[in-house]
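Colleague: In the UniProt record's numbering, the protein residues as written are 1 to 355.
Have a look at the structure that comes next, please.
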Amino acid sequence: MSEQTGGATGTTTSPGATRATSSGSTSTASTGSTGSTASKRTSRTAASADRTAARKTSKTAASKTPASKTTARKTTKTAASKSAASGAAPAPAPAAAAAKPAESHAALVRRARRINRELAEAYPYAHPELDFDSPFQLLIATVLSAQTTDLRVNQTTPALFARYPAPEDMAAADPEAMEAILRPTGFFRAKTKSVIGLSAALRDRFGGEVPGRLEDLVTLPGVGRKTANVVLGNAFGVPGLTVDTHFGRLVRRFGWTTAQDPEKVESDVAELFPKSDWTMLSHRLIFHGRRICHSRKPACGACPIAPLCPSYGEGETDPAKAEKLLKYEKAGAPGQRLKPPADFPGPAAKPLEAS
Ligand code: SF4
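Below, the structure is given as structure tokens:
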């Protein structure tokens, strides 16, 4: 994930900029990269750059650099329809990444926190996408979410928890009966073994209760830091960073870390934010990764944090094409939860038997 910023479509007249300002955020589309090269770009200079870029005849440059009048017009038009249709902010135009000086740590912190604020505006309803009613249910659902979608887990767990409501029930389960329930989540034999072993450990070592401390949670079979932080952050209110595949990919694209190791990623990102931000930051990053900043083809042209992202251009930059890459509620489609929170702007997902 490389460096860039603010640009042609990132003018203060873009819907994204207006939205940021009206919300009280200090971050706008055109000034979003404070502390970086983009921070030096004012609306006036950006407009000048726009005109210069628009005169360039290179087809490649025109398609890659949203600092062209054509792209600016496209972005404004698309942004208006997108805001109405999906609530997503438009993709303002980042500037070129070339010859960018190294970003100081202070500037990195400022940019990281701006990204978090922009994501909070883009996903005010961000939340854990696993359905659960207790720490035990969240723990089991998180373990089951390996190698499958949260939606598939949500479609499977109602039957699982109805049959085995407590750790004692699950620990004593007949493996074949449980395998039949867990089959839709994939790797169902291994997952059956895992949740039975995990439930037995809860029963035998923690009195049938899920412990509320990281150091205890990670002693449970099949529970690593990621799962432990999910449970702590969402069932116990203890701040935690959930370094899953989306989190890791996005923070590397943002230039917050270059690490691949999840623990190093976690510690690098932890340095940029107060603890109180950790849990919601995790949700926002995961929401953004699932909806816009996809692994193979990020929808850069429809991304509300494009001016702050050094990796702008890694994906589709054409606003109209990028909009077609959006997923879930950003595309007017159902989310992953059967029981989404009241403020979720999309429809609920369907139960397994109805899907
Ligand atoms: S979609 Fe991802 S890579 Fe593209 S600008 Fe947005 S955050 Fe950056």
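The C-beta atom is built at its ideal place from N, Cα and C for all residues, glycine as well.
The model shown is predicted, which means the values in this text are computed figures rather than measured ones.
Look at the alpha carbon of Ser267 and the alpha carbon of Lys275, and state the distance between them as a whole number of angstroms.
Modeller: Counted from its first residue, the sequence shown places residue 267 at position 267. Counted from its first residue, the sequence shown places residue 275 at position 275. About 12 angstroms.
Colleague: Spatial neighbours of Val243 within its chain, please: CB distance less than 7 angstroms, with the 5 preceding and 5 following residues excluded, ordered by chain position.
Modeller: Residue 243 sits at position 243 when you count from the first residue of the sequence shown. The residues are Lys226, Pro262, Val265 and Glu266.
Colleague: Just checking my contact of Thr156 with Asp131 at CB under 8 angstroms: how many whole Å lie between their CB atoms?
Modeller: Counting from one through the sequence shown, the residue named residue 156 turns up at place 156. Counting from one through the sequence shown, the residue named residue 131 turns up at place 131. Actually they do not touch by this definition, with Cβ atoms about 10 angstroms apart.
Colleague: Starting from Gln137, trace the alpha helix (DSSP H) both ways and give me its first and last residue.
Modeller: Stepping through the sequence shown from its first residue, residue 137 is reached at position 137. Counting along the chain, the alpha helix (DSSP H) containing Gln137 begins and ends at Pro135 to Leu144.
Colleague: Can you look up Val218 in the DSSP assignment and give me helix, strand or coil?
Modeller: The count along the sequence shown starts at 1 and reaches residue 218 at position 218. Note: Val218 maps to coil in three-state DSSP.
Colleague: Between Ile196 and Arg111, what straight-line distance do the alpha-carbon atoms span, to the nearest angstrom?
Modeller: Here residue 196 corresponds to residue number 196 of the sequence shown, with the count starting at 1. Here residue 111 corresponds to residue number 111 of the sequence shown, with the count starting at 1. C-alpha separation (whole angstroms): 44 angstroms.
Colleague: What are the boundary residues of the alpha helix (DSSP H) that Gly289 is part of?
Modeller: Locating residue 289 in the sequence shown gives position 289, where the first residue counts as 1. Unbroken alpha helix (DSSP H) run through Gly289: Trp278 to Arg291.
Colleague: Is Leu241 helix, strand or coil by DSSP?
Modeller: Taking the first residue of the sequence shown as 1, we reach residue 241 at position 241. Leu241: coil per DSSP, three-state reduction.
Colleague: Flag His288 as yes when its Cβ comes closer than 8 angstroms to any non-hydrogen atom of the ligand SF4, and as no otherwise.
Modeller: By one-based count along the sequence shown, residue 288 stands at place 288. Yes, the ligand SF4 has a heavy atom inside 8 angstroms of this Cβ.
Colleague: Please state whether DSSP places Thr149 in a helix, a strand or coil.
Modeller: Reading the sequence shown from its first residue, position 149 is the one you call residue 149. Here Thr149 sits in coil by DSSP.
Colleague: Is there at least one non-hydrogen atom of the ligand SF4 closer than 8 angstroms to the beta-carbon of Ala306?
Modeller: For the purposes of this step, residue 306 is taken as the residue at position 306 of the sequence shown. Yes, the beta carbon of Ala306 sits closer than 8 angstroms to at least one heavy atom of the ligand SF4.
Colleague: Alpha carbon to alpha carbon, what distance is there between Asn234 and Cys309?
Modeller: The sequence position of residue 309 within the sequence shown is 309, counting from 1. The sequence position of residue 234 within the sequence shown is 234, counting from 1. Cα-Cα distance, rounded: 28 angstroms.
Colleague: Would the beta-carbon of Ile292 fall within 9 angstroms of that of Lys327?
Modeller: Sequence index remark: in the sequence shown, residue 292 carries index 292 (1-based). Sequence index remark: in the sequence shown, residue 327 carries index 327 (1-based). For Ile292 and Lys327, yes; Cβs fall inside 9 angstroms.
Colleague: I'd like to confirm something about Glu263: is its beta-carbon nearer than 8 angstroms to some heavy atom of the ligand SF4, or not?
Modeller: Taking the first residue of the sequence shown as position 1, residue 263 is located at position 263. No.
Colleague: Should Pro319 be listed as close to the ligand SF4, given that the test is whether its C-beta is under 8 angstroms from any heavy atom?
Modeller: Numbered from its first residue, the sequence shown carries residue 319 at position 319. For the ligand SF4, not one heavy atom lies less than 8 angstroms from the Cβ of Pro319.
Colleague: If you measure from the CB of Met250, is any heavy atom of the ligand SF4 nearer than 8 angstroms?
Modeller: Working through the sequence shown from its first residue, we reach residue 250 at position 250. Correcting the residue identity first, residue 250 is Leu in this sequence and not Met. Yes, the ligand SF4 has a heavy atom inside 8 angstroms of this Cβ.
Colleague: Could you give the C-beta distance for Pro347 and Leu338, rounded to a whole number, given that I count them as a contact under 8 angstroms?
Modeller: For this step, residue 347 is matched to residue 347 along the sequence shown. For this step, residue 338 is matched to residue 338 along the sequence shown. Not quite, the Cβ-Cβ distance comes to about 11 angstroms (not below 8 angstroms), so this is no contact.
Colleague: Helix or strand or just coil, what does DSSP make of Ser30?
Modeller: Position 30 of the sequence shown holds residue 30. Reliability of the predicted coordinates at Ser30 is poor, the pLDDT of 31 falling under 50, and no value is obtained from them.
Colleague: Please determine whether the Cβ atom of Ser104 lies at a distance below 8 angstroms from any heavy atom of the ligand SF4.
Modeller: For the purposes of this step, residue 104 is taken as the residue at position 104 of the sequence shown. Every heavy atom of the ligand SF4 is 8 angstroms or more from the Cβ of Ser104, so no.
Colleague: Leaving out the 5 sequence neighbours to the left and right, which residues in its chain are closer than 8 angstroms to Gly248 when beta-carbon positions are compared?
Modeller: Here residue 248 refers to the residue found at position 248 of the sequence shown. Around Gly248: Gln260, Pro262 and Val265.
Colleague: Apart from the five residues just before and just after Ala201, which ones in its own chain have a Cβ nearer than 7 angstroms to its Cβ?
Modeller: Counted from its first residue, the sequence shown places residue 201 at position 201. Result list for Ala201: Leu220 and Pro221, in chain order.
Colleague: Is it true that the CB of Thr148 sits closer than 9 angstroms to the CB of Thr192?
Modeller: Residue numbering aside, residue 192 sits at position 192 when the sequence shown is read from its first letter. Residue numbering aside, residue 148 sits at position 148 when the sequence shown is read from its first letter. Contact: no.
Colleague: Does the Cβ of Ser311 lie closer than 8 angstroms to at least one heavy atom of the ligand SF4?
Modeller: Looking up residue 311 in the sequence shown gives position 311. Flag set: Cβ of Ser311 near the ligand SF4.
Colleague: May I ask you to report which of helix, strand or coil DSSP gives Ile196?
Modeller: If you number the sequence shown from 1, residue 196 lands on position 196. Helix at Ile196.
Colleague: Are there any heavy atoms of the ligand MG lying less than 8 angstroms away from the beta-carbon of Phe247, as far as the coordinates show?
Modeller: As presented, the structure is devoid of the ligand MG, carrying the ligand SF4 as its sole ligands.
Colleague: Taking the alpha-carbon positions, what's the Ala122 to Pro298 distance?
Modeller: As a working mapping, residue 122 is identified with position 122 in the sequence shown. As a working mapping, residue 298 is identified with position 298 in the sequence shown. Rounded to the nearest angstrom, the two C-alpha atoms are 16 angstroms apart.
Colleague: Should Ala162 go down as buried or exposed, given a rule of 16 or more other Cβ atoms within 10 Å for buried?
Modeller: Residue numbering aside, residue 162 sits at position 162 when the sequence shown is read from its first letter. With fewer than 16 Cβ atoms within 10 Å of its Cβ, Ala162 is classed as exposed.
Colleague: Compute the distance between the beta-carbons of Ser134 and Glu168, then report whether it is under 9 angstroms.
Modeller: In the sequence shown, the residue the question calls residue 134 occupies position 134. In the sequence shown, the residue the question calls residue 168 occupies position 168. No. Outside cutoff.
Colleague: By the 10 Å Cβ neighbour count, where 16 or more other Cβ atoms means buried, how is Glu176 classified, buried or exposed?
Modeller: Residue numbering aside, residue 176 sits at position 176 when the sequence shown is read from its first letter. So Glu176 counts as exposed.
Colleague: Going by alpha carbons, who is nearest to Pro319 out of Tyr312, Tyr125 and Gly301?
Modeller: Taking the first residue of the sequence shown as 1, we reach residue 319 at position 319. Nearest C-alpha to Pro319: Gly301.
Colleague: Going by CA-CA distance only, name the one from Ala102, His288 and Pro128 that's closest to Pro340.
Modeller: Walking along the sequence shown from the start, residue 340 turns up at place 340. Looking at the Cα atoms, Pro128 is the closest of the given residues.
Colleague: Indicate, with yes or no, if the ligand SF4 has a heavy atom lying under 8 angstroms from the CB of Ala331.
Modeller: The sequence position of residue 331 within the sequence shown is 331, counting from 1. Ala331 Cβ: outside cutoff for every heavy atom of the ligand SF4.
Colleague: Does the distance between the C-beta of Ala299 and the nearest non-hydrogen atom of the ligand SF4 fall short of 8 angstroms?
Modeller: Taking the sequence shown and counting its residues from 1, one reaches residue 299 at position 299. For the ligand SF4, at least one heavy atom lies less than 8 angstroms from the Cβ of Ala299.
Colleague: Cα separation between Asp204 and Tyr125?
Modeller: Residue numbering aside, residue 204 sits at position 204 when the sequence shown is read from its first letter. Residue numbering aside, residue 125 sits at position 125 when the sequence shown is read from its first letter. Roughly 38 angstroms between the two C-alpha positions.
Colleague: Return the residue from the list Leu250, Pro165 and Pro345 that minimises the CA-CA distance to Asn116.
Modeller: Taking the sequence shown and counting its residues from 1, one reaches residue 116 at position 116. With distances taken between Cα atoms, Asn116 lies closest to Leu250.
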